[in-house]
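*Asks:* Here the protein sequences line up with chains A and B, keeping their order. In case it helps, our numbering puts the first sequence at residues -18 to 232. In case it helps, our numbering puts the second sequence at residues -18 to 232. Before I ask anything, let me first share the structure, which is written out below as structure tokens.
Protein chains: 2
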Amino acid sequence: MAGNSSTPGVSVASKVFSLLEAFDTQHRSLSLSQLARRAHLPPPTAHRLAAELVAWGALVRRPTGEYVVGRKVWDLGLLAPVNAGLREIASPFLNDLHAATLATVHLAVRDGTEALYVDRLSGHASVPVVSRIGSRLPLHATGVGKVLLAYAPEDVQGVVLANLVRVTPYTITQPGRLREQLRRVHAEGNASTNEEMSLGACSVAVPIRRGAGGPVAAALGIVVPDLKRDRPRLVAALSVAAQGIGRSLAF
Amino acid sequence: MAGNSSTPGVSVASKVFSLLEAFDTQHRSLSLSQLARRAHLPPPTAHRLAAELVAWGALVRRPTGEYVVGRKVWDLGLLAPVNAGLREIASPFLNDLHAATLATVHLAVRDGTEALYVDRLSGHASVPVVSRIGSRLPLHATGVGKVLLAYAPEDVQGVVLANLVRVTPYTITQPGRLREQLRRVHAEGNASTNEEMSLGACSVAVPIRRGAGGPVAAALGIVVPDLKRDRPRLVAALSVAAQGIGRSLAF
DNA sequence: ACTGTGTTTCCACTGAGCGGAAGGGGCGGC
DNA sequence: GCCGCCCCTTCCGCTCAGTGGAAACACAGT
Chain A
-18 MAGNSSTPGV SVASKVFSLL EAFDTQHRSL SLSQLARRAH LPPPTAHRLA
32 AELVAWGALV RRPTGEYVVG RKVWDLGLLA PVNAGLREIA SPFLNDLHAA
82 TLATVHLAVR DGTEALYVDR LSGHASVPVV SRIGSRLPLH ATGVGKVLLA
132 YAPEDVQGVV LANLVRVTPY TITQPGRLRE QLRRVHAEGN ASTNEEMSLG
182 ACSVAVPIRR GAGGPVAAAL GIVVPDLKRD RPRLVAALSV AAQGIGRSLA
232 F
Chain B
-18 MAGNSSTPGV SVASKVFSLL EAFDTQHRSL SLSQLARRAH LPPPTAHRLA
32 AELVAWGALV RRPTGEYVVG RKVWDLGLLA PVNAGLREIA SPFLNDLHAA
82 TLATVHLAVR DGTEALYVDR LSGHASVPVV SRIGSRLPLH ATGVGKVLLA
132 YAPEDVQGVV LANLVRVTPY TITQPGRLRE QLRRVHAEGN ASTNEEMSLG
182 ACSVAVPIRR GAGGPVAAAL GIVVPDLKRD RPRLVAALSV AAQGIGRSLA
232 F
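Have a look at this one:
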């Protein structure tokens, strides 16, 4: 910034980012003072910068005076590679999969030590699940997470295995047991969970490889109330879709 | 900005926006010099600001040196009301509709004088269509567009009717004919197109009303190769889904 | 009428931002 | 191999854009 700042060394750009970061799933609309507090900026500064953001369309100011994230950010976000590449290519396959099984279908990538849900499809006949598009869930308690973890670098595995948070009574919290499961993911080509993330929900997932036998780029999973009945059928459907997505990814 | 600028009167924030605006559907990844040119900034300035954007995660720098939009922007965009409200609520209905018809399903809102496609579902069995999520198409040549236009304010209708661009030989370009069609949208509760946007594609669409008989918040449409055969069946399915979405929107 | 909270405007001070110039680095032409 | 070209990156002295406390303003609640 220029001049009279109480905290020198902070750039204008970083203040803009602070303002944007003030918004999250729990805070989708903020008044000016909330915004200023959450961004750690004095109200006049927040006011001036927010006005610039509104002018550009990054924020929208409601008649009530509250700020919400604007359409322009959504537009821009659609250009991010996570969306533009993977998601667009996978979309028709997810639809086919959902049409065939009527279960909730998930597409996720690994983001650090979490599973990032890039797309989700669920009809009314599906089990209710916690995940939403854009949400991040632990790698050790979800089907897609276990797949992503199995193919993650050694150091990531280490961090995750050292920190197995319990979510339900069935969550696997013993590093040894999980490591054994990861070994089987490699051997069998799929991972599953039984009420480890949310009670009443089981899942199966398979890796998506860029091209044939290439690196694992994402994971494709499905959530059902019960896995006993038709696990083989689901794995077959998942594999076919994953192969198709992988082939398309290779262009 | 502070100091030595060649074009005084331009704020830092607006330069950040210029950089972000340099990206669009045709330009998803840009080298530094391209970025600087498209943002109308001197290379050193672009370089410095881009580095800040990368540090925050708004941009990502590929090993090749090219910049792409980062995941953080995508994350933020998901918080925009257009996505958070309408899209999440409508998603299961779109899936059900797609499962029932196997056609391409569209959810759109009016953005000025264009139709903004908020969500799109298409399987492999569907007709290929030009629209993508986030794309904007003319109001007069698409099914959802006609619905949105029929319920748009008088001044918007005026602007659109005065500027009917031809897209295919079947596009309606006579204001009188279109106005007659809009009248029928109100009377019959649905709009359709016959190869007016792309050859070989026809569409039907219905309005989505917030609550029962409330204002039109969006339009729900479907694209098929031929409309003659089962228009009544499609309209019925669309109406049911639109009612459901509208009821959910009212909370 | 009074107090408190949130919003907006004002304005004098100053260091953050600026970008031309110059220094690498990579590639293709000859 | 050597040269020329383009792109990327760093440097650095000049200067005005950005700053935020103070104060006015708007509005509930009591």
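Beta carbons: idealized from backbone N, C-alpha and C, even for Gly. These figures come from a predicted structure and were not determined experimentally.
Taking Cβ positions only, does L1/B come closer than 8 angstroms to chain A?
*Replies:* Interface residue, yes.
*Asks:* Counting only C-beta atoms, is S(-14)/B closer than 8 angstroms to chain A at any point?
*Replies:* Output row for S(-14)/B: interface = no.
*Asks:* Using 8 angstroms for Cβ pairs, my map puts E161/A next to L120/A. What's the rounded Cβ distance?
*Replies:* No, E161/A and L120/A are not in contact; Cβ-Cβ is about 16 angstroms, not under 8 angstroms.
*Asks:* Relative to chain B, which residues along the segment 32 to 63 of chain A have a C-beta separation below 8 angstroms, given in chain order?
*Replies:* Answer in chain order: E33, L34, W37, A39, V41, V49, V50, G51, R52, V54, W55, D56, L57, G58, L59, L60, A61, P62, V63.
*Asks:* Between A231/B, S12/B, V141/B, K127/B, which lies nearest to P196/B when the distance is taken from Cα to Cα?
*Replies:* Considering only alpha carbons, the answer is A231/B.
*Asks:* In this structure, what does DSSP give as the bridge partners for P119/A?
*Replies:* Per DSSP, E95/A.
*Asks:* Looking only at its own chain, which residues have a Cβ that is under 8 angstroms from the Cβ of S(-13)/B, when we skip the five neighbours before and after it?
*Replies:* P23.
*Asks:* Check whether the Cβ atoms of V204/B and S184/B sit closer than 8 angstroms, and answer yes or no.
*Replies:* Cβ atoms of V204/B and S184/B: closer than 8 angstroms.
*Asks:* Would you say D136/A lies against chain B (beta-carbon separation less than 8 angstroms)?
*Replies:* Taking Cβ atoms only, chain B never reaches closer than 8 angstroms to D136/A, which makes this a no.
*Asks:* Just how far apart, CA to CA, sit V41/B and V50/B?
*Replies:* Rounded to the nearest angstrom, the two C-alpha atoms are 6 angstroms apart.
*Asks:* Using a C-beta to C-beta distance shorter than 8 angstroms, which residues of chain A count as neighbours of I153/B?
*Replies:* None at all; the shortest Cβ gap to chain A is about 28 angstroms.
*Asks:* To which residues of the same chain is G227/A closer than 8 angstroms at the C-beta, ignoring the five residues directly before and after it?
*Replies:* Counting only Cβ-Cβ distances below 8 angstroms, and skipping sequence neighbours, we find I189, R190, R191, G192, A193, G195, A198.
*Asks:* Taking three-plus beta-carbon pairs below 8 angstroms as touching, is the segment 75 to 95 of chain A in contact with the segment 106 to 122 of chain A?
*Replies:* Contact between the segment 75 to 95 of chain A and the segment 106 to 122 of chain A is present, because at least three Cβ pairs lie under 8 angstroms.
*Asks:* If I'm right that L102/A touches N64/A with Cβ under 8 angstroms, what's the distance once you round it to whole angstroms?
*Replies:* That pair is no contact at about 15 angstroms.
*Asks:* Indicate whether at least one CB of chain A lies closer than 8 angstroms to the CB of F232/B.
*Replies:* No, F232/B does not count as interfacial toward chain A.
*Asks:* Rounded to whole angstroms, what is the Cα-Cα separation between R52/A and D5/A?
*Replies:* So the alpha carbons of these two residues sit roughly 15 angstroms apart.
*Asks:* Can you pull the chain A neighbours of P73/B, defined as C-beta to C-beta under 7 angstroms?
*Replies:* Correct list: S103, G104, H105.
*Asks:* So, under 8 angstroms CB-CB, L16/A and A27/A are touching, yes? Tell me the CB distance rounded to an integer number of Å.
*Replies:* That pair is a contact at about 5 angstroms.
*Asks:* Starting from L120/A, find everything on chain B with Cβ-Cβ shorter than 7 angstroms and list it in chain order.
*Replies:* Result: empty, since nearest Cβ-Cβ is about 17 angstroms, beyond 7 angstroms.
*Asks:* For the beta strand (DSSP E) containing R42/B, name the first residue and the last one.
*Replies:* Counting along the chain, the beta strand (DSSP E) containing R42/B begins and ends at 40 to 42.
*Asks:* Going by the beta-carbon positions, is the gap between S234/B and H21/B smaller than 8 angstroms?
*Replies:* What the structure shows of chain B is the stretch from -18 to 232, and residue 234/B is not part of that stretch, so it cannot be assessed.
*Asks:* Assign G93/B to one of two classes, buried (16 or more other C-beta atoms within 10 Å of its C-beta) or exposed (fewer than that).
*Replies:* Exposed, since its Cβ has fewer than 16 Cβ neighbours within 10 Å.
*Asks:* Expressed to the nearest angstrom, what Euclidean distance is found between the alpha-carbon atoms of S269/A and H79/B?
*Replies:* Past the boundaries of the shown model lies residue 269/A; chain A is included only from -18 to 232, so the question cannot be answered.
*Asks:* Only counting the same chain, and skipping five residues up and downstream in sequence, which positions put a Cβ closer than 6 angstroms to that of L34/B?
*Replies:* Contacts found: L40.
*Asks:* Taking the alpha-carbon positions, what's the L159/B to N175/B distance?
*Replies:* Cα to Cα, L159/B sits roughly 13 angstroms from N175/B.
*Asks:* Of all the alpha helix (DSSP H) runs that stay within the bounds of the segment 48 to 90 of chain B, which reach a length of 4 or more residues?
*Replies:* Qualifying alpha helix (DSSP H) stretches, in chain order: 52 to 58, 69 to 82.
*Asks:* Could you please give the first and the last residue of the uninterrupted beta strand (DSSP E) stretch that includes I226/B?
*Replies:* That residue, I226/B, is in no beta strand (DSSP E); its alpha helix (DSSP H) goes 212 to 230.
*Asks:* Since I believe L145/A is in contact with P156/A (beta carbons under 8 angstroms), could you give me their beta-carbon distance rounded to a whole number of angstroms?
*Replies:* Contact flag correct, Cβ pair sits at about 7 angstroms.
*Asks:* Using beta-carbon positions only, say whether A89/A and A172/A come within less than 8 angstroms of one another.
*Replies:* Taking 8 angstroms as the Cβ cut-off, A89/A and A172/A do not qualify as a contacting pair.
*Asks:* From the beta carbon of H79/A, is the nearest beta carbon of chain B less than 8 angstroms away?
*Replies:* Chain B contact via Cβ: present.
*Asks:* Give the DSSP-derived three-state secondary structure of P25/B in the structure shown.
*Replies:* If DSSP states are grouped into helix, strand and coil, P25/B belongs with the helices.
*Asks:* Which value, in whole angstroms, describes the spacing of the CA atoms of G139/A and P150/A?
*Replies:* Approximately 23 angstroms between the Cα atoms of the pair.
*Asks:* Verify the CB distance criterion: does A84/A have a CB-CB separation below 8 angstroms to chain B?
*Replies:* No, A84/A does not count as interfacial toward chain B.
*Asks:* Assign D136/A to one of three DSSP states: helix, strand, or coil.
*Replies:* Helix.
*Asks:* Report the residues of the segment 2 to 19 of chain B with a CB closer than 9 angstroms to any CB of chain A, ordered along the chain.
*Replies:* Listed in sequence order: E2, F4, D5, T6, H8, R9, S10.
*Asks:* Looking at the secondary structure, which residues open and close the beta strand (DSSP E) in which A198/A lies?
*Replies:* 197 to 205 is the extent of the beta strand (DSSP E) around A198/A.
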